[in-house]
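> Numbering (the working numbering), first residue to last: 1063 to 1542.
Just passing along the structure, written as structure tokens.
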Amino acid sequence: MDMANGKLPTRAEDFSEWYNQVVLQAELADYAPVRGCMVVRPYGWALWENITSILDKRFKETGHVNAAFPTLIPLSFFEKEKEHVEGFSPQLAVVTHGGGEQLEEPLAVRPTSETIIGYMYAKWIKSWRDLPVLIVQWGSVMRWELRTKLFLRTAEFYWHEGHTAHATAEEAKEEMLRILDIYTDFSINEAALPVLKGYKSESERFAGAQITTSIEGMMQDKRALQCGTSHYFGQNFSRAFDIKFLDRNNTLQYCETTSWAISTRIIGAIIMTHGDDQGLILPPRLAPIQVVIVPIFKNDAEKGRVMETAHRLFAELKGAGIRVKLDDREEVTPGYKFNDWELRGVPLRIEIGPNDADRNVVTLARRDRPGREGKSSVPQAALPPTVSGLLDEIQRSLLERATAFLNANIHQPGDYEELKSIVADGWAFAWWCESPECEAKIKEDTKATSRNIPFDQSGEGRCVVCGRPAKVRAYFARAY
RNA sequence: CGGGGUGUGGCGCAGUCCGGUAGCGCACCGCGUUUGGGACGCGGGGGUCGUCGGUUCAAGUCCGACCGCCCCGACCA
1063 MDMANGKLPT
1073 RAEDFSEWYN
1083 QVVLQAELAD
1093 YAPVRGCMVV
1103 RPYGWALWEN
1113 ITSILDKRFK
1123 ETGHVNAAFP
1133 TLIPLSFFEK
1143 EKEHVEGFSP
1153 QLAVVTHGGG
1163 EQLEEPLAVR
1173 PTSETIIGYM
1183 YAKWIKSWRD
1193 LPVLIVQWGS
1203 VMRWELRTKL
1213 FLRTAEFYWH
1223 EGHTAHATAE
1233 EAKEEMLRIL
1243 DIYTDFSINE
1253 AALPVLKGYK
1263 SESERFAGAQ
1273 ITTSIEGMMQ
1283 DKRALQCGTS
1293 HYFGQNFSRA
1303 FDIKFLDRNN
1313 TLQYCETTSW
1323 AISTRIIGAI
1333 IMTHGDDQGL
1343 ILPPRLAPIQ
1353 VVIVPIFKND
1363 AEKGRVMETA
1373 HRLFAELKGA
1383 GIRVKLDDRE
1393 EVTPGYKFND
1403 WELRGVPLRI
1413 EIGPNDADRN
1423 VVTLARRDRP
1433 GREGKSSVPQ
1443 AALPPTVSGL
1453 LDEIQRSLLE
1463 RATAFLNANI
1473 HQPGDYEELK
1483 SIVADGWAFA
1493 WWCESPECEA
1503 KIKEDTKATS
1513 RNIPFDQSGE
1523 GRCVVCGRPA
1533 KVRAYFARAY
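Printed below as a string of structure tokens:
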């Protein structure tokens, strides 16, 4: 096993470098030889698998099926939807040669698959009986990003993209919201990320969408990170790709379509929401290793007693379905292991030394409460339920802490000057007339953009920028 | 693409001003002692100094061109 090394900068010193070092030293990912691309290492991929398996289950429970479409898409497909081409053309990687020959038509490496899936849907959908079509693709896509950062923005990234076709606008919008709710529930209850859901402003909308909804999280530097999106396209793509069906009255209709995605970016959100100066803190429900056992001994006599206990408790915890690891490396000291597993964010550590073994106890150390405060001594008897309970408690406390942080850093500005000072170090929740001009002014003055607009609104106010009547309040923040 | 940096064992750097055949820390390998918060000693292995060209008896070092990567901006999940 590779060992971690080096010290982390503190979050206060340099949040960005802290983030980079956590990703690298915890061995979640590494830089690839291709500019802007990352290698997701086994520990990072294990985390991603825990995320994907939960989401996959929820999609299947709601009637979705998985399929795979090609990585390469004829370049001409991107010309078919006007806004889509404008949005994605600058970011395309294009294959011009194959087998040593120049291709007749260049092929884009997919930046997202609406076009090719739309093309196939046009072939497959003929009748109202064929609808809805609810397909999810798990894979990677490529966007030629100018500035990249591990997990947050890489040229190639992993995700799922759901693409659905429906007979009516109502059904399609319901689908968009159903998925947004799955995303929200997943983020809050599995990842312990207290995200806020809403719809996007015109300028923040996905290229080609009529409605874009999102969930937005607040990182510890108070910048916003979009953690998932769900789009309603209306008939934009079905008209561009001729996705039509005969309804019950034998009338030809265009489908209503949606698409939605969560990417490996959410790993960045987990890191930047929960981590501390020791490194990663993973929510127990997603952690590849929930519990690590660190045996401690000085000589062979102690080793025998301690390891016997360690193996026995390891088997008990594993049998109870807890993801547990026994760190039996002898070439590094216990102190090294403590730091190593803290860096990797394992939620709970079990220390077993000669004293513990003799007294039939173990020492537990919670990752979310560093130092002595998080340590306790518990009986070895009935350890699995004790550990399960503590993992639940850690999961709860991570969400609670992140939620308190979120709430403490959202403020309602009384006027524009106040908005400017709020978004310098937090989020503003402000009345807005929804005009692109006012949003553009905010962006120009502060670099903050509208993150999203909650669905449930009450009352009326005056736009914080122009003073005209405003029906909604929106979140404004600097975003990743 | 604009601005700023930087390329020397796996990683981080020194050496470049003033040319003389490459060094330090970490990591790695071996042996021994250690082990309840990042252990120590001794002994090892590993580098055509980003690339190409030029000057010179001699280039990591001087000159020229090119390339890569990182950071800051415009674009984005």
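Think of the CB as a built atom: it goes at the ideal place given N, C-alpha and C, for glycine as much as any other residue.
1) If you measure between the beta carbons of Ser1512 and Glu1522, is that distance less than 8 Å?
2) Which one or two residues does DSSP pair with Met1280 in a beta bridge?
3) If distances are taken between C-alpha atoms only, which option among Asn1361, Ile1358, Pro1446 comes closest to Gly1383?
4) Can you list, in chain order, the residues of its chain whose CB lies under 8 Å from that of Met1063, leaving out five sequence neighbours each side?
5) Measure the Cβ-Cβ separation of Glu1237 and Thr1246 and say whether it is below 8 Å.
6) Out of Gly1290, Ala1541, Ile1135, Gln1474, state which residue places its alpha-carbon closest to the alpha-carbon of Val1534.
7) Could you give the distance in angstroms between the alpha-carbon of Ala1088 and the alpha-carbon of Leu1342?
8) Among Pro1104, Leu1453, Ile1414, which residue has its Cα nearest to the Cα of Arg1429?
9) Please state the DSSP three-state secondary structure of Ile1472.
10) Is the number of C-beta pairs between the region 1326 to 1344 and the region 1293 to 1312 that are closer than 8 Å three or more?
11) Is Gly1149 near the ligand GTP, with its Cβ less than 7 Å from a heavy atom?
12) Entirely within the region 1410 to 1454 and at least 3 residues each: give me those beta strand (DSSP E) ranges in chain order.
13) Can you tell me which residues form a DSSP beta bridge with Pro1516?
14) Kindly indicate the opening and closing residues of the alpha helix (DSSP H) around Trp1186.
15) Any chance the region 1250 to 1265 sits against the region 1462 to 1472, with 3 or more Cβ pairs inside 8 Å?
16) How long is the line joining the alpha carbons of Arg1458 and Glu1393, rounded to whole angstroms?
17) Below 8 Å between beta carbons: does that hold for Ala1269 and Glu1145?
18) If we ignore side chains and look at the alpha-carbon of each, how far apart do Trp1200 and Leu1388 end up?
19) Determine contact between the region 1082 to 1101 and the region 1211 to 1224, defined as no fewer than three beta-carbon pairs at a distance below 8 Å.
20) Check whether the region 1363 to 1379 touches the region 1481 to 1488, taking contact to mean three or more Cβ pairs, one atom from each stretch, closer than 8 Å.
21) Whose CA, out of Leu1196, Ala1217, Lys1437, lies closest to the CA of Glu1223?
22) Tell me the DSSP bridge mates of Tyr1398?
23) Applying the criterion that 16 or more other CB atoms from any shown protein chain within 10 Å of the CB defines a buried residue, is Asn1361 buried or exposed?
24) By a C-beta neighbour count over all protein chains shown, 10 Å radius and 16 as the cutoff for buried, is Asn1422 buried or exposed?
25) Secondary structure at Tyr1542, three-state DSSP: helix, strand or coil?
26) Take the Cβ of Arg1540 as the centre, count every other Cβ of all protein chains shown within 10 Å, and call the residue buried at 16 or more, exposed below.
27) By how many angstroms is the C-alpha of Ile1178 removed from the C-alpha of Gln1282?
28) Span of the alpha helix (DSSP H) holding Glu1499?
29) In three-state DSSP terms, what is Arg1524?
30) Since I believe Leu1134 is in contact with Leu1169 (beta carbons under 8 Å), could you give me their beta-carbon distance rounded to a whole number of angstroms?
31) Straight-line CA distance for Gly1529 to Glu1496?
32) Could you tell me if Val1085 is buried or exposed, where buried requires 16 or more neighbouring beta carbons within 10 angstroms of its beta carbon?
33) Does Leu1193 come out as helix, strand or coil in the three-state DSSP assignment?
34) Using beta-carbon positions only, say whether Val1424 and Glu1413 come within less than 8 Å of one another.
35) Using the DSSP secondary-structure output, state which residues sit across from Asp1092 in a beta bridge.
36) Could you tell me which of Phe1131, Pro1173, Trp1493, Val1096 sits nearest to Glu1148, measuring between CA atoms?
Reading off the structure:
1) no
2) Ala1286
3) Pro1446
4) Residue placement at Met1063 is poorly supported in this model, since its pLDDT is 25, which falls under 50; the coordinates are not used for a value here.
5) no
6) Gln1474
7) 7 Å
8) Leu1453
9) strand
10) no
11) With respect to the ligand GTP, the structure shown offers nothing to examine, as it has no ligands at all.
12) 1410 to 1414, 1423 to 1428, 1437 to 1441
13) DSSP lists no partner for Pro1516.
14) 1176 to 1186
15) yes
16) 36 Å
17) yes
18) 32 Å
19) yes
20) no
21) Leu1196
22) None, per the DSSP bridge assignment.
23) exposed
24) exposed
25) coil
26) buried
27) 38 Å
28) 1498 to 1508
29) strand
30) 4 Å
31) 12 Å
32) buried
33) coil
34) yes
35) Val1101
36) Pro1173
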